Each structure stands twice: as structure tokens, then as C-alpha cells.
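Every letter in the sequence shown is one number past the one before it in my numbering, and letter 49, counting from 1, is 253.
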Amino acid sequence: SPDPCAAPLLVSLFEIPAGEVPALYAREEEFFIVRAPVQSLDGGDAGTGLVCAASTDAEYLARRGRAAFDSLYAAHGLTTIWEWEGRILPCRAYLRHCVLAARKQGAEVAESFENNTWLWDRTTTVAQHLAADPSIMEELPPPELAARYSG
């Protein structure tokens, strides 16, 4: 999720049919889904889009309630969604999917994603992470997610 900042962020946009928007909100339920202004690469106004923005545990509990947190997270031993301390790495198959999607949009988008997206430490970029472990790009998604997670 993007952090608020004044600098532009290159992203891949996709359209979601109106009937699938509720599924997006359900699938990304731990995020704030907010409207953000969109510009084309040439700087022209392209309207607004939705972006999954960072939230907090308190905001999640206020929106969804303790019962939802307990069944979706605490039942699996998790005590927090947003307030992790220490090392946490992205899912290898999902990171590969995101990198492939960015690369399909061209070098400028791929460079932006790989060099302006950081891991948990806010220091290591995706590019550095991939350089340290290039086998991530060979990680295949589970068969049931192959159509959706293949870039």
C-alpha cells in the first residue's frame, strides 16, 4: 500500500466490473480503499482510481470488529495486521506476480515499482530483494491461483 507523499507513484491500473467491486473490498478488507487522482504517463488528467492504502489495527477493529479480527487473524496466531515489529517478507508468488505486471507495462513502470517499493525495513527495495534472491522470479503460484497471479 502506498504511503502518503507528494511525489508521484507509477502504478498499473485495471478496470473492475461494477459487480466485482464488493469482492475487491472483501478480498482487501484490511486496507482502506480510497480514491486517488490518476494521471497518464504524459501528465494528463485520467480521472480517479481506487487504491489500497495502509490502515491501522485500531481502524480495522473499528470498521470490522473484534469478532472479524479474531476469526480471520487471531485464530491463526496473528496478533496484529499493521503493527508488525521485525522482519516480514512478501509472499514470493505474489511478489513475482506484481513484478511481472509492472514489467508488462514497460521499463519506466517496472523501474518505478522495483526501485520505489520497499520491504518492511523501509530501506530494502524490491529490486535489491530480487537481486539478493533471484529465485523469487521462478516461484510459481499454486495451480488454483495461476490464472490470476501470473502477471
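Where is the CB? At the ideal position from N, CA and C, for every residue including glycine.
Treat the numbers as computed from the prediction; the structure is a model and nothing was measured.
Using the Cα positions of residue i and residue j, report the straight-line distance between them to the nearest angstrom.
| i | j | result |
| --- | --- | --- |
| A297 | P347 | 11 Å |
| T252 | T284 | 31 Å |
| R326 | A306 | 20 Å |
| V330 | S339 | 13 Å |
| A240 | A262 | 23 Å |
| A272 | W288 | 19 Å |
| S244 | G281 | 42 Å |
| A266 | S275 | 15 Å |
| V238 | A222 | 16 Å |
| V225 | R268 | 18 Å |
| V242 | R270 | 35 Å |
| T260 | W286 | 5 Å |
| Y277 | N319 | 31 Å |
Taking buried to mean at least 16 other C-beta atoms within 10 Å of its own C-beta, is residue i buried or exposed?
| i | result |
| --- | --- |
| A314 | buried |
| E219 | exposed |
| E234 | buried |
| Q303 | Before going on, a small fix: residue 303 reads as Val here, not Gln. Classification for V303: buried. |
| T321 | buried |
| E312 | exposed |
Residue i and residue j: beta carbons closer than 9 Å?
| i | j | result |
| --- | --- | --- |
| S316 | L217 | no |
| A250 | F236 | no |
| L293 | L254 | no |
| H333 | L323 | yes |
| E342 | R300 | yes |
According to DSSP, simplified to helix, strand and coil, what is residue i?
| i | result |
| --- | --- |
| D325 | coil |
| F235 | coil |
| G223 | helix |
| L344 | coil |
| A350 | coil |
Chain C beta carbons: is any one of them nearer than 9 Å to that of residue i?
| i | result |
| --- | --- |
| Y277 | The structure shown contains no chain C; it is built from a single protein chain. |
Within the region 247–323, ranges of the beta strand (DSSP E) (whole runs, at least 3 residues) = 249–257
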